[in-house]
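Quick notes on the structure that follows.
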Amino acid sequence: MRATEASRPAGSRITYHHGFHHVPRITHRHRFRPVKKGDAVDHSGTTRSHRTRAAILYAARLHFAADGYQRATIRAIAATASIDPSMVMRYFGTKDQLFDAALDVDLGLPDLTGTPPEQLPYVLVTYFLAPWENDTDEGSLRLLLRSAATNERAAERLRRILHQQFTSSLTGVLGAERAASNTSLVAAQLLGVAFARYLLRLEPIADLPVQALAKLVAPSLLTALWAN
């Protein structure tokens with residue numbers, strides 16, 4: 008489940024350390040309002056349980072991004088979520104399980120069967136970047152990319168997600184063997200684009216419209232897709 012603007016506390020704002028990854032610094036304004044009995048069901052039909060789970064995941068992503076897995080604590084996460092630490096364990100069991108849930112990512116890649124080969128790079132870039140464009144600074148995509156650089160558990164999760172979701176998306180157009188063998192080449196290029204655009208904020212990649220960026224990287228991506 009990805010953190011979204013809807014799951015962010017009203018009036019909250021992310022502030023940043025000066026540094027390479029622009030990691031969020033957690034302030035009191037990030038804290039959720041405590042869940043009360045009167046909040047059992049809100050006007051949108053969201054249950055109290057779903058709101059509590061969203062609050063925990065939001066807080067966990069903030070702390071894992073800011074502090075890293077080792078230094079982030081259940082107590083600190085609970086404080087940011089404005090709940091008792093026992094509630095974190097009740098919903099997620101262990102710190103490892105909470106970390107896994109915080110890293111849960113759906114890339115949103117559809118089955119691309121029937122896509123004309125010459126259009127495949129453009130379509131793939133557009134679909135791949137769409138969830139990044141909507142991902143908040145404390146969202147699971149950015150957390151996963153940051154964490155994979157320093158945490159083997161996150162790196163393994165990222166490898167598995169990329170292989171499974173890219174292969175599933177591309178098998179119908181590339182064939183099973185080529186899709187499976189070329190996934191790493193395709194993923195390497197697209198992750199490089201995502202890292203430069205959303206974490207490094209490298210110009211001009213950071214400010215180009217998605218379609219213009221797709222046109223820029225299409226030739227090399229086409230080579231990766233159809234490599235023998």
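Numbering of the sequence shown is given in this note's numbering, commencing with residue 8 and proceeding in unit increments.
Glycine residues also receive a C-beta, built at the ideal position from the N, C-alpha and C atoms.
Computed from a predicted model, the values in this text were never measured in an experiment.
Asked                                                                                                        : Found
Own chain residues within Cβ distance below 8 angstroms of glutamate 140, not counting five before or after  : Val217
Residue closest to alanine 109, alpha-carbon to alpha-carbon, out of Asp214, Arg164, Val132, Leu232          : Arg164
At least 3 beta-carbon pairs within less than 8 angstroms: the region 59-70 vs the region 79-95              : yes
Alpha helix (DSSP H) segments (min. 4 residues) lying fully within the region 67-136                         : 81-88, 92-99, 102-109
Asparagine 189 in three-state terms, based on DSSP                                                           : helix
As assigned by DSSP and simplified to three states, the class of threonine 157                               : coil
Same chain, Cβ closer than 7 angstroms to alanine 234, five either side skipped, listed in chain order       : Asn189, Leu192
Under the three-state DSSP convention, the category proline 138 falls into                                   : helix
Nearest residue (CA-CA) to isoleucine 81, options Val95, Arg208, Arg55                                       : Val95
Given serine 175 as reference, the closest of Leu119, Lys222, Ala162, Arg204 once Cα atoms are compared      : Leu119
Rounded separation between leucine 206 and alanine 156 - CA only                                             : 13 angstroms
Arginine 78 versus phenylalanine 71: straight-line alpha-carbon distance, rounded                            : 8 angstroms
Rounded C-alpha distance that separates glutamine 126 from valine 224                                        : 12 angstroms
DSSP three-state assignment for glutamate 210, whether helix, strand or coil                                 : coil
Pairwise C-alpha distance: leucine 150 and alanine 195                                                       : 17 angstroms
Whole-angstrom C-beta distance between leucine 197 and phenylalanine 135, which should lie under 8 angstroms : 5 angstroms
Start-to-end residues for the alpha helix (DSSP H) that takes in leucine 215                                 : Unbroken run through leucine 215: none, as it is neither H nor E.
Rounded C-alpha distance that separates proline 128 from arginine 160                                        : 30 angstroms
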